[in-house]
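Asker: This is the structure I have questions about; it appears just below.
Chains as they are written, first to last, in this note's numbering: chain A, 18 to 251; chain B, 45 to 327.
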């Protein structure tokens, strides 16, 4: 479904990604793990068109994504839940969801999708008139995911959904990821919370200093010595 | 209550309506594009000339007004494309200089075209008498249409996808693309609306004031001060500040003189900048 082939990218003269190749098949959940500063967020931003690619190729559903601006990539069916959620704090929950349905093909289905999102996250329905900035961390994550779902994506990119949340809430966020998978969406998730993310994804890649160092199924990675030692503290 | 004072208060309220409309336009542009259109009042002046000349050419007032609103709306888009877009990522001082250049350009260009004569559209609207109070119908009309304009803008911002995007963009510019929003399109729509509001302001002011190329020098600083007082980009703050300033000018003008009232208003502005530098309604 999504394929990155030898993608390099960076900011100005600083290179953050080197020859990254990665594939996500339809229906899969794939994780990208790695330490802070490994380039995980940059990779997500390259996929969604916020950071330009310097070299390499990207295709989605067999069509090239090269050089498309961010709003065009949303129209292709990729939605991005950004790092730190990035809700519009002074808009209501419902307006945040509405703006997620900005693209023409999503506007036609807004009522249906909003009902679906409220069904997935009843909490959001209770708080629909509340300003998004007043939500708790976990609720904000629900709202950010809901907002991304409003565009009707085939692929959902999630950047550190558990960051900055209390341990109990982290557990809830991973439950959310499971529910979204159950809805038939394909998910690419970036996480530092290695142990828990390996419980929800089928496969994962290890990204370190801008390069893919390891790839494998969740079961393989859970038993890999390097990962156990460096990322799980085992 | 003194009947003349009451008249001054009513006139202040009516003036406040038009100022509020223009403050909304300037705040909208600043909030969305993050650039202050210093030449905003000069777009209003262009709108006044448009109504004036079309009316002189024999167009009925309503048609001249609609054409002026459309014309200034297009002018707003041109300002964005030709002047703002190239300096969008430049430091604020460069943006200020660019729109300041536009101000002098519009003033000298209209001088070149029309000379420095004060021109009066010559539409005589009745004076309404309520007991001993006299109210100009032109002002009442201006107030009414300014409120209609403000309400229309409010409904647009609340109810439409573009409106939600416009409210969102000032809160997080960078991720708008992830929402499927093309920022450039939002900027164009905002400039179009900002221009249309300036055009509407021109239609309303030309009924009350003579038009001349330097009219923007009177209203420009006033609108800018109102926006800063309300908190730049804060539309509700600007709306409230419009009525505060218009009352100071109107009541001050009644007790002393209009010139003194302006001195008073700008003095209050400077003092308030010390006390509440981020505007009276700062969050």
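We treat Cβ as the ideally placed atom computed from N, Cα and C, and that holds for glycine. Computed from a prediction, not measured in an experiment: that's the story for all the values here.
Quick one: residues in its chain with C-beta nearer than 7 angstroms to the C-beta of residue 56(A), no 5 flanking neighbours on either side, listed in chain order?
Answerer: So the list reads 33, 34, 224 and 227, once near-sequence residues are dropped.
Asker: What does residue 87(A) reach in chain B if we use C-beta pairs closer than 7 angstroms?
Answerer: By Cβ distance, chain B contributes 221 and 222.
Asker: Which residue's Cα is closest to the Cα of residue 261(B): 225(B), 82(B) and 104(B)?
Answerer: Of the candidates 225(B), 82(B) and 104(B), the one whose C-alpha sits nearest the C-alpha of residue 261(B) is 82(B).
Asker: If you follow the beta strand (DSSP E) that residue 97(A) is in, where does it begin and where does it stop?
Answerer: Here the beta strand (DSSP E) through residue 97(A) covers 95 to 98.
Asker: Among 259(B), 187(B), 269(B) and 198(B), which one has its Cα closest to the Cα of residue 312(B)?
Answerer: Nearest of 259(B), 187(B), 269(B) and 198(B) to residue 312(B), Cα basis: 269(B).
Asker: Tell me whether residue 139(A), by its Cβ, gets closer than 7 angstroms to a heavy atom of the ligand GDP.
Answerer: Although the ligand GDP was asked about, the structure shown includes no ligands whatsoever.
Asker: Name the chain B residues whose beta carbon is nearer than 7 angstroms to that of residue 106(A)?
Answerer: Those are 215, listed as they occur along chain B.
Asker: Using C-beta distances below 6 angstroms, list every residue in its chain close to residue 169(B), excluding the 5 sequence neighbours before and after it, in chain order.
Answerer: 181 and 182.
Asker: By Cβ distance, which residues of its chain are closer than 7 angstroms to residue 233(B), with the 5 residues on each side in sequence left out?
Answerer: Hits under 7 angstroms: 206.
Asker: My understanding is that residue 264(B) touches residue 67(B), with C-beta atoms under 8 angstroms, so please give their C-beta distance in whole angstroms.
Answerer: That pair is no contact at about 12 angstroms.
Asker: With distances taken between CB atoms, is the gap from residue 64(B) to residue 310(B) smaller than 8 angstroms?
Answerer: Result no, Cβ atoms of residue 64(B) and residue 310(B) do not sit closer than 8 angstroms.
Asker: Considering only residues of the same chain and omitting the five flanking positions on each side of residue 105(A), which have a CB-CB separation below 8 angstroms?
Answerer: Correct list, in chain order: 112, 113, 116 and 149.
Asker: Look up residue 172(A) in the DSSP assignment and give the residues it is bridged to.
Answerer: Answer is 95(A) and 203(A).
Asker: At 7 angstroms on the CB atoms, spell out the chain B contacts of residue 66(A), in chain order.
Answerer: Per Cβ cutoff of 7 angstroms: 221.
Asker: Checking 8 angstroms against the spacing of the C-beta atoms, do residue 176(A) and residue 207(A) come in under that value?
Answerer: The answer is yes: Cβ separation under 8 angstroms.
Asker: What is the C-beta distance between residue 26(A) and residue 76(A), in whole angstroms, given that I count them as a contact (C-beta under 8 angstroms)?
Answerer: At roughly 16 angstroms, the Cβ-Cβ gap does not stay under 8 angstroms, so residue 26(A) and residue 76(A) are not in contact.
Asker: Hey, how far is the Cα of residue 99(A) from the Cα of residue 165(B)?
Answerer: Near 56 angstroms, if we compare the C-alpha coordinates of residue 165(B) and residue 99(A).
Asker: Which runs of the beta strand (DSSP E) fall wholly inside the stretch 70 to 119 of chain A and span at least 3 residues, in chain order?
Answerer: Within the stretch 70 to 119 of chain A, the complete beta strand (DSSP E) runs of at least 3 residues are 70 to 77 and 95 to 98.
Asker: Along the stretch 227 to 242 of chain B, what residues have a CB closer than 7 angstroms to any CB found in chain A?
Answerer: Going along the stretch 227 to 242 of chain B in chain order, one finds no residue with a Cβ nearer than 7 angstroms to chain A.
Asker: Which of the three DSSP states is assigned to residue 213(B) in this structure?
Answerer: It is helical.
Asker: So within the stretch 210 to 292 of chain B, which uninterrupted alpha helix (DSSP H) runs reach at least 4 residues, ignoring any that extend past its ends?
Answerer: Runs of the alpha helix (DSSP H) inside the stretch 210 to 292 of chain B: 227 to 249 and 260 to 274.
Asker: Round the Cβ separation of residue 45(A) and residue 219(A) to the nearest angstrom and send it over; I've been treating them as touching at under 8 angstroms.
Answerer: Indeed they touch by this definition, with Cβ atoms about 5 angstroms apart.
Asker: So, does the stretch 223 to 238 of chain B touch the stretch 277 to 292 of chain B, judging by three or more C-beta pairs under 8 angstroms?
Answerer: No, they do not touch.
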